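When the count follows this note's numbering, it moves up by one through the sequence shown with no breaks and lands on 549 for the last residue.
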Amino acid sequence: MATISSTWRVFLLIILSLCPITLSATVVEDLKNLHPPPHFNSTILSNCLKNPSLRYCSSSPMMDFDEIFKFTIVASHLCNESKNPTCVETFPNVDLKNRPNIAPLYLSFDFFWKYCPLSIMSIDLSNNSMKGGFPTDVLYCTQIQSLDLSINAFSGDLPIQSFSPLTNLTFLNLSYNFFSEIKLSDSQFFKRFNSSSFLHSGALLDEKKFTLKAVILLVGFPILVILVVVCWVWLCFQRPDFLPRKLQRTRRFTPAILKAATAGFSNNNLVGMSDVVHIYKGILRDGTEVKIEMYWDDIPRDSYRRFVEECKVLSRLHHKNLVRVLGWCRSRKFRAIITEWTEEENVEMWLSRSGPSWNHRLKVLKGVVECMRYLQEEWPEVNYELKTNTILLSDYMEPLISRFKVGDQTSNRKKIYRFGVFLLEMIQNKKGQEEFDRSYGEFIKYITTLDPADLHKMIDHRMEVTETNFHQVKQVLSLGFMCIDQSNNERPSLATIFNIIARAYKVSLVLPSTNHRIFHGERFKGHMPVQIK
Ligand SMILES: *[C@@H]1O[C@H](CO)[C@@H](O)[C@H](O)[C@H]1NC(C)=O
Ligand SMILES: *[C@@H]1O[C@H](CO)[C@@H](O)[C@H](O)[C@H]1NC(C)=O
Ligand SMILES: *[C@@H]1O[C@H](CO)[C@@H](O)[C@H](O)[C@H]1NC(C)=O
Ligand SMILES: *[C@@H]1O[C@H](CO)[C@@H](O)[C@H](O)[C@H]1NC(C)=O
Ligand SMILES: *[C@@H]1O[C@H](CO)[C@@H](O)[C@H](O)[C@H]1NC(C)=O
Ligand SMILES: *[C@@H]1O[C@H](CO)[C@@H](O)[C@H](O)[C@H]1NC(C)=O
């Protein structure tokens, strides 16, 4: 038996409490020649009593003392070969980097790895051109923090599951090997390492992720951009009503919006049609009911532009007595103007149907004058029609001027004249009397033949004239005559007209309507002189 080296003895005591061995021979020779000393079995057992976590202590079914003895020989050689600073107490490194001559040998001592000393933290077997399958034995050392198997020729499958007990592994290098191709990104364990641990190893980690990112960046992103752009273009040019309200150019409608509003231009929504115009009732996305007048006429480009310009102006008009123009639409096939939806009763129908009271008639007149003033002051370029059959009535008994357009200037004088006719019609209700046809001229002719003093003939019989409103009726009537008086150069101004009508309306509200009639039917026929001027 060889002499005992004191250094070695301490090492053995601490790690293995072993028999004396010298390291003069090679590990292979030592394994062949050395034998356990007499107290080896009991020393091992007492070690296990002190530190039961030592791996050889839990070997089953029975401790193989022979094998444990060989393990101690390999351990002591390996410690020295790995250039650990001391091989006295425990050793932390298995460093067989660039040692192609001995690394395969040490790797082949499976009994050593089976009992892998708990002190080992780092295993480096890199750059040894080692062949064969993955060296699973090293994974017995579950406590290691660092494992480098790079630059070898290992092949076959990576034992992915066997890695999971290595909870403290922070450094791993499997680069430059020939493992079968496998996607490691699926395994939670390998996510803690990046691609530089698997360069050219066959195993793929971030390469896949990288390609995925590249694919996303190079293909996905442009597709996304294109989609967003297409979506945006679709929204802007087809359905701007889906855009946030702030971004909507509310006055321009697209054919797609109109189509959606009218259930695909369905016949149920068609409320009127002629050769060139189709009128639809529609409901916009926000619930607004609209009237859509679609013109299928083929007009020159210039007129198209003028149409849009006109619509732009009209859509800016805003008055309670004006049908609101919400916008327009132009397409290659048609142009359309979109206005708010109004129930279709006009003043003419209203007059003949219900024979409204004085007070209601004044309310309508007042609304019309207000609207005329608004237009005169703010939109003098807008011309409008004042006829009992084109002025509509809202649910609140407000008149709504429904025909108007830009340009085609009419003088104020003429406008006042037309208002006068409208006023007289309102009081007269000539349409209730069959003898007139619908023409304007006829009515004017008729009205001028009347004797203004003949109040009875002047006014609608169904309207009550009482003691109290008599003067207002008279005054308003004479105002109407003043407006249509061709011989007179001085027509009343809109302001004057407004004042008279507003005052009459106010009085008609204040006065109790229970006043007994002083004028009805035959009783006062011809007795009430009307002062004109
Ligand atoms: C320890 O290892 C070195 C090489 O790292 C070697 O030269 C030396 O002979 C070894 N010592 C013993 C006692 O085996
Ligand atoms: C130690 O145990 C082995 C069996 O594992 C046995 O063969 C050997 O004789 C024992 N040695 C001593 C000194 O008891
Ligand atoms: C690997 O070992 C060879 C010699 O066997 C040496 O030339 C080379 O530099 C080593 N490579 C690394 C990365 O250590
Ligand atoms: C990892 O390290 C901790 C603390 O050092 C230790 O308690 C634990 O046992 C180690 N894990 C393994 C698998 O060795
Ligand atoms: C990989 O991780 C290490 C730290 O673990 C870091 O130093 C290195 O830069 C990383 N490499 C890449 C490509 O992310
Ligand atoms: C693994 O080893 C290769 C080759 O030496 C090297 O290029 C790579 O950086 C190493 N990876 C890490 C994580 O150190």
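Ideal Cβ placement from N, Cα and C applies to all residues, glycine included. Predicted, not measured: the structure shown is a model, and the values here were computed from it.
Ile353, DSSP secondary structure in three states: strand
Would you grab the beta carbon distance between Val306 and Trp357 for me? Rounded to a whole angstrom, and I think it's under 8 Å. 5 Å
Does any heavy atom of ligand 3 sit closer than 7 Å to the C-beta of Pro120? no
Could you check how far apart the C-beta atoms of Tyr131 and Leu94 are, in whole angstroms? I think they sit under 8 Å. Not quite, the Cβ-Cβ distance comes to about 12 Å (not below 8 Å), so this is no contact.
In angstroms, rounded to a whole number, what distance separates the CA positions of Glu309 and Gly236? 45 Å
If we count the other Cβ atoms within 10 Å of its Cβ and call it buried at 16 or more, is Gly457 buried or exposed? exposed
Residue burial classification, Leu190 (beta-carbon count within 10 angstroms, cutoff 16): buried
Considering only residues of the same chain and omitting the five flanking positions on each side of Tyr192, which have a CB-CB separation below 8 Å? Ser166, Ile167, Asn168, Leu215, His216, Ser217
Tell me whether the beta-carbon of Phe435 lies closer than 8 Å to the beta-carbon of Cys499. yes
Check the C-beta distance from Pro52 over to Phe85 and give it rounded, since I have them as a contact under 8 Å. 5 Å
Hey, is Ser191 close to ligand 6, as in C-beta under 7 Å from one of its heavy atoms? yes
Write down every uninterrupted run of the beta strand (DSSP E) in the stretch 115 to 143 whose length is 3 residues or greater and which is fully enclosed by it, in chain order. 138 to 140
Closest to Asn100 by CA distance: which of Asp314, Lys297, Met137, Ser75 is it? Met137
What residues in its chain sit with their C-beta under 6 Å from that of Asn428, if we drop five residues either side in the sequence? none
Bounding residues of the alpha helix (DSSP H) (the contiguous stretch that carries Arg389): 374 to 394
Hey, which residues come within less than 5 Å of ligand 8, measuring from Cβ to any heavy atom, in chain order? Of the ligands one can find in the structure shown, namely ligand 1, ligand 2, ligand 3, ligand 4, ligand 5 and ligand 6, none is ligand 8.
Complete beta strand (DSSP E) runs within the stretch 296 to 374 (minimum length 3 residues, chain order): 305 to 311, 341 to 346, 351 to 356
I'd like the span of the alpha helix (DSSP H) that includes Lys147, first residue to last. Neither: Lys147 is in no alpha helix (DSSP H) and is coded neither H nor E.
What I want to know is whether the C-beta of Leu215 ends up closer than 7 Å to one or more non-hydrogen atoms of ligand 6. yes
Helix, strand or coil at Ser524 according to DSSP, with G and I counted as helix: helix
Using a C-beta cutoff of 8 Å, does Leu416 count as contacting chain D? In the structure shown, chain D does not exist; there is a single protein chain.
Express the C-alpha separation of Val245 and Thr406 in angstroms, rounding to a whole number. 46 Å
Below 7 Å, is the gap between the Cβ of Pro260 and the nearest heavy atom of ligand 4? no
Own chain partners of Ile475 with C-beta closer than 6 Å, once the 5 adjacent residues on each side are dropped: Ile443
Taking 7 Å as the cut-off, is the CB of Asn552 close to at least one heavy atom of ligand 3? As shown, the chain starts at 17 and ends at 549. That puts residue 552 outside it, with no answer to give.
Are the CB atoms of Trp374 and Asn515 within a distance shorter than 8 Å? no
On the three-pair Cβ rule with 8 Å, is the stretch 320 to 336 touching the stretch 281 to 293? no
Can we say the stretch 203 to 210 touches the stretch 229 to 243, given the rule of at least three CB pairs closer than 8 Å? no
Three-state secondary structure (DSSP) at His294? strand
Inter-residue Cα distance where the pair is Asn63 and Leu228: 54 Å
Rounding to the nearest angstrom, what Cα-Cα distance links Asp173 and Lys199 in this structure? 11 Å
Hey, Leu510 and Leu439: beta-carbon distance below 8 Å or not? no
Using a Cβ-based criterion (distance less than 7 Å to any ligand heavy atom), does Pro108 qualify as near ligand 4? no
Using a Cβ distance threshold of 8 Å, determine whether the stretch 365 to 380 contacts the stretch 317 to 327, with at least three qualifying pairs required. no
Is the stretch 57 to 76 close to the stretch 106 to 122, with three or more CB pairs under 8 Å? no
What does DSSP give as the partner residues of Lys199 in its beta bridges? Leu220
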